[in-house]
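Following the numbering used here, the numbering of the sequence shown begins with 95 at its first residue and continues without gaps. Comments concern the structure below.
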Amino acid sequence: MKKLLAKLAILLALAGLSACGGAVANLQVFNASPDAPALDILLDNEVVVAGLQDFAFQQYQEVGAGNTGIRVNEAGTSRTLTELGATLTGNQSYTLI
95 MKKLLAKLAI
105 LLALAGLSAC
115 GGAVANLQVF
125 NASPDAPALD
135 ILLDNEVVVA
145 GLQDFAFQQY
155 QEVGAGNTGI
165 RVNEAGTSRT
175 LTELGATLTG
185 NQSYTLI
């Protein structure tokens with residue numbers, strides 16, 4: 095059930111954004127789960143956020159636009175908590191919750 099809720103939160107956060115040109119998107123991450131361990135966020139198998147504690151924000155950072163695989167791992171491990179694919183549009187800002 096937690097995986098389903100996590101995927102739903104990710105999809106809702108990424109939904110409804112208009113298309114626009116550009117090769118870079120902005121991504122901010124918030125670990126909103128009170129019972130989750132620290133998290134690593136990977137885009138296409140590359141760690142872009144490491145060790146994000148519960149109820150902590152990671153500031154916006156530039157990431158490559160386009161189709162990407164998003165994976166949420168328990169920090170410092172290869173244990174995947176959830177994963178999905180998404181399309182990040184250039185010149186748009188996204189918040190992963």
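Every residue gets a Cβ at the ideal spot worked out from N, C-alpha and C, and that includes glycine. Just so we're clear, the structure is a prediction, and the values are computed from it rather than from any experiment.
{"Check": "Residue from Gln122, Gly184, Ala159 and Ser172 whose Cα sits closest to the Cα of Ala150", "Outcome": "Gln122"}
{"Check": "Classification of Thr174 by the beta-carbon crowding that lies within 10 angstroms, buried from 16 upward", "Outcome": "exposed"}
{"Check": "With 16 other Cβ atoms within 10 Å as the buried cut-off, status of Asp148", "Outcome": "exposed"}
{"Check": "Inter-residue Cα distance where the pair is Thr181 and Leu190", "Outcome": "13 Å"}
{"Check": "Alpha-carbon to alpha-carbon, Asn185 and Gly163", "Outcome": "19 Å"}
{"Check": "Outcome for Asp129 when other beta-carbon atoms lying within 10 angstroms are tallied against a minimum of 16", "Outcome": "exposed"}
{"Check": "First and last residue of the uninterrupted beta strand (DSSP E) at Ala119", "Outcome": "Val118 to Phe124"}
{"Check": "Proximal residues to Asn120 (C-beta, below 8 Å), its chain only, five neighbours per side dropped", "Outcome": "Tyr154, Gln155, Glu156, Val157, Gln186, Ser187 and Tyr188"}
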